[in-house]
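For the sequence shown, numbering that gives the first Met the number 0 begins at 0 and goes up steadily by one.
Yeah, the Cβ is synthetic: ideal placement off N, Cα and C, and Gly gets one too.
Please read all numbers here as calculations on a predicted model, not as lab measurements.
What follows is a short report on a single structure.
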Amino acid sequence: MSIIGTFVKSDTGFSGSVKTATLNFKARLVENEPASENAPDYRIYTGAAEIGAGWKRTADNGREYISLKLDDPSFPHPIYASLFQDEDPDAYNLLWTRPVSK
(Lines of atoms letter the chains of each structure in order from A; the text may use other names.)
(Lines give C-alpha, C1' and ligand atoms only; values in the text may rest on other atoms or scores of the structure.)
Protein backbone atom coordinates (compact mmCIF):
# COMPACT_ATOMS: atom_id res chain seq x y z
CA MET A 0 0.00 0.00 0.00
CA SER A 1 1.16 3.50 -0.80
CA ILE A 2 0.19 6.81 0.77
CA ILE A 3 -1.47 8.79 -2.02
CA GLY A 4 -3.02 11.56 0.05
CA THR A 5 -3.05 13.48 3.28
CA PHE A 6 -6.12 14.88 5.00
CA VAL A 7 -7.21 16.76 8.12
CA LYS A 8 -10.54 16.54 9.91
CA SER A 9 -12.92 19.46 9.30
CA ASP A 10 -16.34 20.47 10.63
CA THR A 11 -18.11 18.62 7.80
CA GLY A 12 -15.73 15.68 7.24
CA PHE A 13 -12.16 15.80 5.91
CA SER A 14 -10.15 17.95 3.50
CA GLY A 15 -6.82 17.31 1.83
CA SER A 16 -5.15 16.33 -1.39
CA VAL A 17 -4.55 13.26 -3.55
CA LYS A 18 -1.21 12.94 -5.34
CA THR A 19 0.04 10.13 -7.56
CA ALA A 20 2.35 9.98 -10.58
CA THR A 21 -0.52 11.16 -12.80
CA LEU A 22 -3.00 12.85 -10.41
CA ASN A 23 -2.77 15.91 -8.18
CA PHE A 24 -6.00 17.38 -6.81
CA LYS A 25 -7.60 18.72 -3.66
CA ALA A 26 -10.51 16.72 -2.26
CA ARG A 27 -13.18 16.97 0.43
CA LEU A 28 -15.00 14.14 2.17
CA VAL A 29 -18.38 15.50 3.24
CA GLU A 30 -20.49 13.59 5.74
CA ASN A 31 -23.59 12.09 4.14
CA GLU A 32 -26.86 11.20 5.85
CA PRO A 33 -27.23 7.59 4.62
CA ALA A 34 -30.70 6.96 3.23
CA SER A 35 -30.24 3.17 3.33
CA GLU A 36 -27.99 0.54 4.90
CA ASN A 37 -25.61 0.47 1.91
CA ALA A 38 -25.53 4.23 1.28
CA PRO A 39 -22.13 5.89 1.73
CA ASP A 40 -21.23 7.72 4.94
CA TYR A 41 -19.27 10.32 2.93
CA ARG A 42 -19.46 11.94 -0.51
CA ILE A 43 -16.14 12.94 -2.05
CA TYR A 44 -15.71 16.16 -4.03
CA THR A 45 -13.00 17.97 -5.92
CA GLY A 46 -14.22 21.50 -6.53
CA ALA A 47 -17.94 21.17 -7.26
CA ALA A 48 -17.62 17.73 -8.88
CA GLU A 49 -18.53 14.62 -6.92
CA ILE A 50 -15.88 11.97 -7.60
CA GLY A 51 -16.61 9.22 -5.12
CA ALA A 52 -17.97 7.86 -1.89
CA GLY A 53 -16.72 6.54 1.44
CA TRP A 54 -17.95 4.03 4.01
CA LYS A 55 -16.96 3.81 7.68
CA ARG A 56 -15.30 0.48 8.46
CA THR A 57 -13.49 -1.24 11.32
CA ALA A 58 -10.41 -3.40 10.66
CA ASP A 59 -9.96 -6.81 12.27
CA ASN A 60 -7.61 -5.18 14.81
CA GLY A 61 -10.36 -2.72 15.84
CA ARG A 62 -8.86 0.30 14.03
CA GLU A 63 -11.49 2.52 12.39
CA TYR A 64 -11.00 3.79 8.83
CA ILE A 65 -12.97 5.01 5.81
CA SER A 66 -13.06 2.82 2.71
CA LEU A 67 -13.14 5.03 -0.42
CA LYS A 68 -13.92 4.57 -4.08
CA LEU A 69 -12.85 7.50 -6.27
CA ASP A 70 -13.90 7.61 -9.91
CA ASP A 71 -14.02 10.17 -12.69
CA PRO A 72 -14.27 9.94 -16.48
CA SER A 73 -10.65 11.16 -16.66
CA PHE A 74 -9.40 8.18 -14.58
CA PRO A 75 -8.45 4.99 -16.46
CA HIS A 76 -9.88 2.93 -13.55
CA PRO A 77 -11.55 3.67 -10.20
CA ILE A 78 -9.19 4.27 -7.27
CA TYR A 79 -9.81 2.18 -4.15
CA ALA A 80 -8.23 3.56 -1.00
CA SER A 81 -8.58 3.71 2.78
CA LEU A 82 -8.32 6.77 5.00
CA PHE A 83 -6.56 6.00 8.31
CA GLN A 84 -5.66 8.28 11.19
CA ASP A 85 -1.90 8.86 11.37
CA GLU A 86 0.22 8.68 14.52
CA ASP A 87 -0.30 12.47 14.63
CA PRO A 88 -3.95 12.65 15.81
CA ASP A 89 -4.64 15.64 13.53
CA ALA A 90 -3.45 13.91 10.34
CA TYR A 91 -5.04 11.22 8.16
CA ASN A 92 -3.32 9.24 5.39
CA LEU A 93 -5.02 7.97 2.26
CA LEU A 94 -3.63 4.52 1.45
CA TRP A 95 -4.06 3.14 -2.06
CA THR A 96 -5.04 -0.50 -2.42
CA ARG A 97 -5.11 -2.60 -5.57
CA PRO A 98 -8.33 -4.62 -5.91
CA VAL A 99 -7.81 -8.38 -5.77
CA SER A 100 -8.25 -9.99 -9.20
CA LYS A 101 -10.56 -12.98 -9.45
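Supposed contact pair residue j and residue i - C-beta distance, whole angstroms, cut 8 Å
| i | j | result |
| --- | --- | --- |
| Lys25 | Ser16 | 5 Å |
| Asn60 | Ile2 | Not really, about 19 Å apart at Cβ, beyond 8 Å. |
| Lys55 | Ile65 | 6 Å |
| Thr5 | Ala58 | About 20 Å; that fails the 8 Å criterion. |
Beta-carbon gap between residue i and residue j smaller than 8 Å
| i | j | result |
| --- | --- | --- |
| Gly102 | Asp71 | The structure shown does not extend to residue 102, since the chain is modelled only from 0 to 101, so the question has no answer here. |
| Leu69 | Pro77 | yes |
| Phe134 | Leu67 | Shown here, the chain extends from 0 to 101; a query on residue 134 therefore has no answer. |
| Ala38 | Asn31 | yes |
Proximity winner among the options, relative to residue i (alpha-carbon distances)
| i | options | result |
| --- | --- | --- |
| Glu63 | Ser81, Phe6, Pro75, Glu36 | Ser81 |
| Gly12 | Glu49, Phe83, Pro88, Arg27 | Arg27 |
| Gly46 | Pro33, Asn23, Ser35 | Asn23 |
| Glu49 | Asp87, Ser73, Glu36 | Ser73 |
| Arg97 | Tyr79, Pro88, Ser35 | Tyr79 |
| Gly144 | Val29, Glu36, Ser35 | The question about residue 144 has no answer, for the chain in this structure spans 0 to 101. |
Any non-hydrogen atom of the ligand HEM within 7 Å of residue i CB
| i | result |
| --- | --- |
| Lys55 | For the structure depicted, the ligand HEM is absent and the ligand set is empty, with no information on it obtainable. |
May I have a chain-ordered list of the beta strand (DSSP E) segments no shorter than 3 residues that lie completely inside the segment 17-89?
The DSSP assignment places complete beta strand (DSSP E) segments of no fewer than 3 residues inside the segment 17-89 at 23-30, 41-45, 48-57, 63-69, 78-84, in order along the chain.
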